[in-house]
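Going by the working numbering, the first residue of the sequence shown is number 9, and it counts up by one from there.
Heads up, the beta-carbon is just placed ideally off N, CA and C, and yes, glycines get one too.
These notes are about the structure you will find just below.
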Amino acid sequence: MAEGLYIQLFSVHGLIRGNSPELGRDADTGGQVKYVLELARALAARDDVGRVDLVTRLIKDRNFSSDYAEPVEELSDKARIIRIQCGGRKYMRKELLWPHLDEFVDKTLKFIKQQGRIPDVFHGHYADAGYVARELATIFGVPFIFTGHSMGRHKLEKLMAEGMSREEIDRRYHIERRIEVEERVIRDADAIITSTTHEIERQYGLYDNFSAGSFHVIPPGIDTDTFYPYYNAQLDHDAEDESIRQARVLLLRELSRFWVAPEKPFILALCRPDQRKNISGLIRAYGESPELKAIANLAIFAGIRKDISSMEDNERQVLTEMLLLMDRYDLYGRMAIPKKHDFSTEVPELYRLCADKRGVFVNPALVEPFGLTIIEASSCGLPIVATKEGGPVDIVNNCDNGILVDPTSDAEIADACRRILVDQELWERYSHNGINGVRAHYSWSAHCNRTMEVIRKVLEEPSSRVDRDGDETLPVGRRLTGVDRLMITDVDNTLVGDEPSLARLLEILEAGRARLAWGVATGRNLNRTLGVLAEHGVPLPDFIIAAVGTEIYYGPDLIPDRGWQRHLERHWKEDVVREVLSGLDFLYPQHDEDQSRYKISYLMEDDPELIARVHQALQERKLRYNLVFSNGQFLDILPFRASKGKAVRYLSYKWEIPLPRIMVCGDSGNDAEMLRGDTCGLVVGNYSHELDGLRGLRRLRFSRGKYAAGIIDGLEFYRFVE
Ligand code: GLC
Ligand code: MG
9 MAEGLYIQLF SVHGLIRGNS PELGRDADTG GQVKYVLELA RALAARDDVG RVDLVTRLIK
69 DRNFSSDYAE PVEELSDKAR IIRIQCGGRK YMRKELLWPH LDEFVDKTLK FIKQQGRIPD
129 VFHGHYADAG YVARELATIF GVPFIFTGHS MGRHKLEKLM AEGMSREEID RRYHIERRIE
189 VEERVIRDAD AIITSTTHEI ERQYGLYDNF SAGSFHVIPP GIDTDTFYPY YNAQLDHDAE
249 DESIRQARVL LLRELSRFWV APEKPFILAL CRPDQRKNIS GLIRAYGESP ELKAIANLAI
309 FAGIRKDISS MEDNERQVLT EMLLLMDRYD LYGRMAIPKK HDFSTEVPEL YRLCADKRGV
369 FVNPALVEPF GLTIIEASSC GLPIVATKEG GPVDIVNNCD NGILVDPTSD AEIADACRRI
429 LVDQELWERY SHNGINGVRA HYSWSAHCNR TMEVIRKVLE EPSSRVDRDG DETLPVGRRL
489 TGVDRLMITD VDNTLVGDEP SLARLLEILE AGRARLAWGV ATGRNLNRTL GVLAEHGVPL
549 PDFIIAAVGT EIYYGPDLIP DRGWQRHLER HWKEDVVREV LSGLDFLYPQ HDEDQSRYKI
609 SYLMEDDPEL IARVHQALQE RKLRYNLVFS NGQFLDILPF RASKGKAVRY LSYKWEIPLP
669 RIMVCGDSGN DAEMLRGDTC GLVVGNYSHE LDGLRGLRRL RFSRGKYAAG IIDGLEFYRF
729 VE
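The structure is reproduced here in structure tokens:
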């Protein structure tokens, strides 16, 4: 990998590709897709950046292009799209992805391990990716930054204002989950990037953790090569010349169908047919002003339409109103409302055509969160009239490229247009300022300069971590991707039992730690495990598999493995199991502290007949579970995917450490399952008779050494240590 920073961007939802991105493919593939693609390319173009991965969901679905099923797509020599599968392969709308994000995290972690380099920073786009970035940041001890694009509380507010109930909104959009994640991300992100100041106040301002957020306004860039100035039309764009020329011919032909005097300047609006865009305000402003009607035409590009009567409510209303107003003010011959425009090739040329004719671009929206079209129009040299509600305020402050208006005042809109159209000097000034201002403030290279400043600042913050003894510790991700073998041992009667050999084992583990990480796997819950380790002076291991494999924790911070939790949920009906078993009078529930969501535990007599009755009761109800009986008295009912052995296999999978490089040690019945298979098994000399049945298995050593001495023997036998 090249010198420079390694940055991972996340935009989980998918349907992102480098070649002709399908913007508008679904409700969620719009601005954000374009944003992350351009950001990835622009960051990778810098000398101080070595590699940029844009990580998104892999989709293999016959309703979608096979491009989205490619695990890796090169975007440029240092940027690529990485596609990670989660929640199956079928396309899913973003609101349904929440339960699958832990799988996404796990698989990204594996990918990182395979790369052999940990990213310097994670950058999440939208709440779901914020979740992913935050998880990975914790695991690897790396900073993360966040760009919301849009925020849940704001959406909730909007939908409620439209009359939808909170329950309905949650049912459709899982908005409570989203908001909860956003709160945590705002609190923990090392930096939050917004496009406008308006966004900070209006969107993030609604959150409890608002004041804990560290905000930076960095507007996105636009592609200034595409939106070049109108007077450059003939220069250096050879390859595109033909398609651009055609676009212009097409536009002129289309517009002249509407206008009787096509040589006049025109007032241009371009937006989705949405009530909030206030197209009707602009038509009224024009229709009411005899002077405007005399000096300019009007052109409104409001999306592609075929049959207005079959469009959805909001769009239909807007378009119908547009036609009615055109009729009311008798704007035939003056007002153009073309049926279709193609976003990629024609729009820049439309701006340039309008600028050539000394026209003006108007965005009269009631609120405009950002104002991308304004920036693009300005980049081509078109003066603007824009709403003073939202993002345009920043734009006009930065560039001095036009006039801000109150969108609810038709007269103000009309007057601003008129002033620019009649004053050549003013027109030239706004045009010139727009072209230069956009390049200074809204190019991707300007955006990246500022983003890199933020990243550098974040990286400077000290991130050193110390353990109980004051030694520096590594975050789990760095630790576990840095070793190539694991030792996992049961606690009672295996790790502990003989103090002198335990002390020697701990020394050996410490000496071998560069390549070897270790952990325990026990029936005890986390608290009781910590208790026994402390009692025997054992420092915290790299990981703890607790509660018979139903819980995994990492490192000094005891970070729970959420991927594992999520994995256990499948087919698990805790309440039903408890209810069924409460009917069996030979079962005595264990202490409350030994019960958990995924572990239902009893004491019982050692009698195969009784165990058969437990199975029978559970199977009658068609429940899926895993039954573990141990030490002649403990009964644990767990999710069918849970056990100490399965937890070991999950660690192997997640951290990409093959089973033959994992040594597993135990002494009794509840270790049997994890001792079988491809791992290097070790039974200590003081084992209990239930394990006799395992004698003769491949890769399973019955040591003469008792307790920790047996473990040491195993480490030497399997050459896990020198
Ligand atoms: C530990 C746990 C207990 C469990 C047993 C067997 O003793 O505390 O809850 O049933 O291990 O797994
Ligand atoms: Mg034991």
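Check: Cα-Cα separation between residue 28 and residue 356, rounded to whole angstroms; Outcome: 17 Å
Check: Integer-rounded CB distance, given that residue 227 should sit under 8 Å from residue 429; Outcome: With a Cβ gap of about 28 Å, residue 429 and residue 227 do not count as contacting.
Check: Among 177, 196, 296, 457, the one whose alpha carbon lies nearest that of residue 139; Outcome: 196
Check: Cβ-heavy atom distance, residue 502 to the ligand MG, below 7 Å; Outcome: yes
Check: Contacts around residue 681, its chain only, beta-carbon distance under 6 Å, and the 5 residues preceding and following it disregarded; Outcome: 651, 653
Check: Whole-angstrom distance between residue 701 and residue 695, CA atom to CA atom; Outcome: 12 Å
Check: Burial state of residue 104, where buried means 16 or more other Cβ atoms lie within 10 Å; Outcome: exposed
Check: Residue 286 versus residue 91: straight-line alpha-carbon distance, rounded; Outcome: 39 Å
Check: Residue range of the beta strand (DSSP E) that includes residue 202; Outcome: 199-202
Check: Three CB pairs or more closer than 8 Å across the stretch 595-614 and the stretch 128-142; Outcome: no
Check: Touching by the beta-carbon criterion (3+ pairs, under 8 Å), the stretch 353-370 and the stretch 318-326; Outcome: no
Check: Pairwise C-alpha distance: residue 136 and residue 390; Outcome: 37 Å
Check: CA nearest to the CA of residue 265, picked from 151, 647, 716, 340; Outcome: 340
Check: Span of the alpha helix (DSSP H), counted from its first residue to its last, around residue 440; Outcome: 432-449
Check: Rounded separation between residue 204 and residue 533 - CA only; Outcome: 48 Å
Check: Beta-carbon proximity check, residue 639 vs residue 676, cutoff 8 Å; Outcome: yes
Check: Check whether residue 505 and residue 715 have beta carbons under 8 Å apart; Outcome: yes
Check: Reduced DSSP secondary structure (H/G/I, E/B, other) of residue 159; Outcome: coil
Check: Burial state of residue 543 (16 or more Cβ within 10 Å); Outcome: exposed
Check: Near the ligand MG: residue 550 beta-carbon under 7 Å from a heavy atom; Outcome: no
Check: Proximity below 8 Å, CB of residue 516 to CB of residue 225; Outcome: no
Check: Rounded C-alpha distance that separates residue 408 from residue 168; Outcome: 37 Å
Check: Chain-order list of residues whose beta-carbon lies under 7 Å from that of residue 296 (same chain, five-residue window excluded); Outcome: 418, 422
Check: Residue nearest to residue 192 in terms of C-alpha spacing, selected from 222, 292, 387; Outcome: 222
Check: For residue 65 and residue 22, believed in contact at Cβ under 8 Å, the rounded distance; Outcome: 4 Å
Check: Per-residue burial, residue 7 [other beta carbons within 10 Å of its own, 16 or more giving buried]; Outcome: Any property of residue 7 remains undetermined from this structure, which presents the chain solely from 9 to 730.
Check: 8 Å Cβ cutoff met for residue 128 and residue 571; Outcome: no
Check: CB contact flag (residue 631, residue 584, <8 Å); Outcome: yes
Check: Contact test: residue 731 Cβ vs the ligand MG heavy atom, cutoff 7 Å; Outcome: The shown model of the chain, from 9 to 730, leaves out residue 731, and the question about it has no answer.
Check: Local Cβ density within 10 Å of residue 483, reported as buried at 16 or more and exposed below that; Outcome: buried
Check: Any non-hydrogen atom of the ligand GLC within 7 Å of residue 651 CB; Outcome: no
Check: C-alpha gap between residue 310 and residue 348, whole angstroms; Outcome: 8 Å
Check: Residue 267, DSSP secondary structure in three states; Outcome: strand
Check: Where the alpha helix (DSSP H) containing residue 627 begins and where it ends; Outcome: 616-628
Check: Secondary structure of residue 508, DSSP reduced to three states; Outcome: helix
Check: Length of the line joining the Cα atoms of residue 312 and residue 330; Outcome: 14 Å
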